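Participant: Numbered according to this note's numbering, the sequence shown spans residues 415 to 707.
Cβ atoms here follow ideal geometry from the backbone N, Cα and C, with glycine treated the same way.
All values derive from a computational prediction rather than experimental measurement.
Quick one: structure below, then a few questions.
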Amino acid sequence: MDYLNTIKHYTQVIESGSFSGAARELDIAISKLSKEIKWLEEEKLKCSLIFRTTRRLEPTPEGLVFYEEAKRILASVKQAELRLLENQGELQGPIRLSLSNLYSKSPLLDVITAFLEQHPKIELETLNGNNPYAAIEGQADLAISSHLIEHPRLLRKPIMTLRRAVLASPAYIARHGSPDSLDTLKDYNCLVNTQATPDSLWHFSGKRQIKVRGSLKTASTTELLAAASRGLGILYLPEQMLLDEIEQGLLVKLPLDKAPVTSHSHLYYEPHAEHALITQFAEYLLFNMAEYR
């Protein structure tokens, strides 16, 4: 048996909570994976590592200790590999980044693109979401989120300040008019971003909250922009994401609030991330997004 590989496979079983889930992630047969874990328990360590229940696999106390140590060992091995690559001037490997597709039209995308151009052997996978816990729940290596949380396993760094604006297309305004105050927003067709405002509450200066309603709720910024540009309804999104549409006259800002509401996005990642690549990517993002904080 390849001991190091078996250790890696064991950690995946614990994180997946099942042999089938781990086998899918590792792209190996369940029978092979089961045989490896059996060898680890019966021959190598001579103790039970996993409680096998009908719903989910859980580590035994011994299994949890071994899992935590195994993660540190694997991280050290990966870091050693990366240091060698760094000495050769080369970064490579997979990175999973969770962020809302709201950022697809922000300066953040330019920064990410520049990083990938500098390091063509990086394989970046972006996952649509606004959940900072994705960075510790096995879904992603890093997460960018508008939610503010504290967690002992997570570093939180401000990465971008967003100024929100109320906008509509000239076509919508021509057909339906425009609200003359925040209070009258509820009388108009408001298009809701379910990631930013899942409760349909739009927040304004002075801690004002307006419950809006409308014919479209979606997590897709692309859909919202397309619908608003065609005259379906009113948007409430970060102005920085809509500069092209405003410049082209597709959308018009509605001056309903005395001062633009700002929201802050944060970058979340583990301080002892699985390998140095994650830390380097995080530091690159933070350095190059400094002017937008």
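Between which two residues does the alpha helix (DSSP H) holding Lys446 run?
Facilitator: Counted from its first residue, the sequence shown places residue 446 at position 32. Taken as a continuous stretch (DSSP letters only), the alpha helix (DSSP H) holding Lys446 covers Ile444 to Trp453.
Participant: Counting only the same chain and skipping the five closest in sequence on each side, list residues whose C-beta sits under 8 angstroms from that of Trp453.
Facilitator: By 1-based counting over the sequence shown, the position of residue 453 is 39. Here the set comprises Met415 and Thr420.
Participant: Per the DSSP calculation, Phe618 is bridged to which residue(s)?
Facilitator: Residue 618 sits at position 204 when you count from the first residue of the sequence shown. Answer is Arg622.
Participant: Helix, strand or coil for Ile587, going by three-state DSSP, please let me know.
Facilitator: For the purposes of this step, residue 587 is taken as the residue at position 173 of the sequence shown. If DSSP states are grouped into helix, strand and coil, Ile587 belongs with the helices.
Participant: What's the C-alpha gap between Ala714 and Glu429?
Facilitator: In the structure as shown, the chain starts at 415 and stops at 707, and residue 714 therefore has no counterpart that could be examined.
Participant: Whole angstroms is fine: what's the gap from Gly711's alpha carbon to Val479's?
Facilitator: Nothing about residue 711 can be read from this structure; the chain reaches only from 415 to 707.
Participant: DSSP puts Leu649 in a beta bridge; with which residues?
Facilitator: Position 235 of the sequence shown, counted from the first residue, corresponds to residue 649. Partner(s): Leu581.
Participant: Quick check on the burial criterion: 16 or more other C-beta atoms within 10 angstroms. Buried or exposed for Ser514?
Facilitator: Stepping through the sequence shown from its first residue, residue 514 is reached at position 100. It is buried - the Cβ of Ser514 has at least 16 other Cβ atoms within 10 Å.
Participant: Glu539 by DSSP, collapsed to three states: which one?
Facilitator: For the purposes of this step, residue 539 is taken as residue 125 along the sequence shown, with counting starting at 1. In the structure shown, Glu539 sits in a strand (DSSP, three-state: E or B).
Participant: Using 9 angstroms as the threshold, is the C-beta distance between Ile573 and Tyr706 below it?
Facilitator: Numbered from its first residue, the sequence shown carries residue 573 at position 159. Numbered from its first residue, the sequence shown carries residue 706 at position 292. In this structure, Tyr706 lies closer than 9 angstroms to Ile573 by Cβ.
Participant: Please report the residue range of the alpha helix (DSSP H) in which Arg438 lies.
Facilitator: Sequence index remark: in the sequence shown, residue 438 carries index 24 (1-based). Its alpha helix (DSSP H) spans residues Phe433 to Leu440.
Participant: Would you mind working out which of Ser560, Tyr517 and Gln532 sits nearest Thr540, comparing C-alpha positions?
Facilitator: If you number the sequence shown from 1, residue 540 lands on position 126. Comparing Cα-Cα distances from Thr540 to each of Ser560, Tyr517 and Gln532, the minimum goes to Tyr517.
Participant: Are the CB atoms of Ala582 and Ser592 within a distance shorter than 9 angstroms?
Facilitator: Indexing the sequence shown from 1 puts residue 592 at position 178. Indexing the sequence shown from 1 puts residue 582 at position 168. Their beta carbons are under 9 angstroms apart, which means Ser592 touches Ala582 by this criterion.
Participant: Given Ala610, which residues of its chain have a CB within under 7 angstroms of its CB, disregarding the five upstream and five downstream residues?
Facilitator: For the purposes of this step, residue 610 is identified with residue 196 of the sequence shown, where counting begins at 1. Excluding positions up to five away in sequence, the list reads Leu516 and Ser560.
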